[in-house]
Amino acid sequence: MQVSPEISSTGIPNAISVVNLEKWYGNFCALSSLSFSVGPGEIAALLGLNGAGKTTTIRVLTGFLVPTSGEVRINGAGYFEDSIEYRKKFGYLPERPALYDDMKVESYLKFMLQLRTENSGQEETLLENALLKTDLVSRRKSIIGTLSAGFKKRVGVAQAIIHDPDVLILDEPVSDLDPVQIVEIRNLLLELKERHTILVSSHILSEVSKTADRFLFIHQGKLAREETRSSINVDNIEKIFLETVQGSSEIPEKAASSVVAHGQKSNSYFRKWFN
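For any residue, its number in this note's numbering is found by taking its place in the sequence shown, counting from 1, and adding 7.
Below, the structure written as structure tokens:
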């Protein structure tokens with residue numbers, strides 16, 4: 008697939024552009040000529056086995072890791088050209104965000120807002136918008152440590168959107184959540200899509216199939232396959248994933264269902280991949 012650094016095939020500027028990204032650790036190549044783009048308003052799913060390069064890609068995109076070569080841009084801004092402007096363009100939710108359990112939700116978000124803005128006079132509006140979008144208005148005075156896992160995840164999302172960035176980068180946003188909480192976060196992502204471009208890294212294929220517009224399959228540090236919601240039957244996402252990472256669909260159906268669909272690690276056939 009031909010990838011334009013900044014402009015999509017439709018002529019619309021890409022929200023995320025990754026071009027010929029490489030990352031070496033000594034003689035080990037973690038990322039090899041990785042290129043992909045995500046259009047504005049899309050939810051893109053970054054999919055792959057543990058060790059495939061998803062985390063490395065996210066760390067480069069968020070500025071926590073310097074690539075060996077290549078280029079990343081968010082809404083036209085390049086990290087090495089203007090790192091401050093680049094960081095304004097995105098919000099980041101780690102798999103396990105470092106929340107302060109002894110702080111109130113509102114106090115924590117105000118603290119994060121101070122770190123991400125420059126006294127623009129819009130701080131109160133930004134705070135209220137983040138609380139409203141994540142349905143935390145009624146919990147604004149709650150101590151974070153007393154919240155359920157689902158509400159803690161919402162606080163994590165709120166800090167990611169607190170400065171109203173163009174792009175959200177979310178690492179395993181539904182990990183450790185129960186089925187009801189997963190549905191709540193799913194609906195939240197679909198609402199956030201109206202304002203933000205979202206890149207999601209996840210192992211739970213059945214879940215991303217319900218939200219993603221674009222599927223980026225990374226294997227051994229390379230983009231092994233790229234699909235859109237219109238180019239595949241999303242009900243077959245598990246089979247497509249397994250074919251991509253193994254080159255064959257000859258996988259026991261029960262094993263695929265128990266591990267891939269539900270993000271579980273109970274089947275020994277897949278344990279070497281997901282542990």
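Yeah, the Cβ is synthetic: ideal placement off N, Cα and C, and Gly gets one too.
#### Entry: Three-way DSSP call (helix, strand, coil) for Ser114 in this model
For Ser114, the three-state secondary structure derived from DSSP is helix.
#### Entry: Assigned secondary structure, Lys229 (DSSP; H/G/I helix, E/B strand, else coil)
Lys229: strand per DSSP, three-state reduction.
### Query
In terms of residue numbering, what span does the beta strand (DSSP E) encompassing Glu29 cover?
Annotation for Glu29: the continuous beta strand (DSSP E) segment containing it runs Ile23 to Tyr32.
### Task
Express the C-alpha separation of Val45 and Ala51 in angstroms, rounding to a whole number.
Looking at the backbone, the Cα of Ala51 and that of Val45 are separated by about 7 Å.
### Query
Of the choices Pro47, Glu201 and Arg103, whose alpha-carbon is the least far from that of Leu177?
Cα-wise, what sits closest to Leu177 is Arg103.
### Message
I'd like to check one pair, Arg147 with Glu113: are the Cβ atoms closer than 9 Å?
### Response
Taking 9 Å as the cut-off, the beta carbon of Glu113 is found closer than this to the beta carbon of Arg147.
### Message
Taking its Cβ as the centre, do 16 or more other Cβ atoms sit within 10 Å of Ser24, making it buried, or is it exposed?
### Response
Taking all protein chains in view, the Cβ of Ser24 is crowded by 16 or more other Cβ atoms within 10 Å, so the residue is classified as buried.
### Message
Here's a check: name, in chain order, each residue in its chain whose Cβ is nearer than 8 Å to the Cβ of Ser256, leaving out the five neighbours to either side.
### Response
Since pLDDT at Ser256 reaches only 45, below the 50 mark, its modelled position is unreliable, and the value read off the structure follows with that caveat. Closer than 8 Å at Cβ, skipping near neighbours: Lys246, Leu249 and Glu250.
### Task
Determine the extent of the beta strand (DSSP E) in which Val164 is found, giving its start and end residues.
Run containing Val164: none in the beta strand (DSSP E); it sits in the alpha helix (DSSP H), Ala156 to Ile168.
### Task
For Ser40, I'd like the list of residues in its chain whose CB is within less than 6 Å of its CB, leaving aside the five on either flank, ordered along the chain.
Cβ-Cβ distances below 6 Å link Ser40 to Asn27 in the same chain, with the five nearest sequence neighbours on each side left out; the list follows chain order.
### Message
For Leu106 and Ile151, which I take to be in contact (beta-carbon distance under 8 Å), what is that distance rounded to the nearest angstrom?
### Response
Sure, about 5 Å apart at Cβ, within 8 Å.
### Message
By the three-class DSSP mapping on this structure, what secondary structure does Ile211 have?
### Response
Coil.
### Message
Does Thr235 come out as helix, strand or coil in the three-state DSSP assignment?
### Response
DSSP places Thr235 in strand when its eight states are reduced to three.
#### Entry: Residues near Tyr99 in its chain [Cβ-Cβ closer than 7 Å; skip 5 each side]
A distance below 7 Å between beta-carbons, with the five flanking residues on each side excluded, links Tyr99 to the following residues of its chain, in chain order: Thr69, Ala167 and Ile176.
### Contact check, Gln195 vs Ala156, beta carbons under 9 Å
The question names Gln, but residue 195 in the sequence shown is Leu. With contacts defined by Cβ atoms closer than 9 Å, Leu195 and Ala156 do not form a contacting pair.
### Task
From the DSSP output, in three-state form, read off Gly85 for me.
Strand.
### Task
Report the option in Leu54, Ala22, Glu198 and Phe118 whose CA atom is closest to the CA atom of Glu233.
Ranking the options by Cα distance to Glu233, first place goes to Leu54.
#### Entry: Delimiting residues of the beta strand (DSSP E) encompassing Val174
Looking at the DSSP string, the run of the beta strand (DSSP E) that includes Val174 is Val174 to Asp178.
### Query
On the three-state DSSP scale, how would you describe Thr137?
The question names Thr, but residue 137 in the sequence shown is Ala. Reduced to three states, the DSSP call for Ala137 is helix.
### For Ser76 and Ser42, the rounded distance between their alpha carbons
The alpha-carbon atoms of Ser42 and Ser76 are separated by roughly 12 Å.
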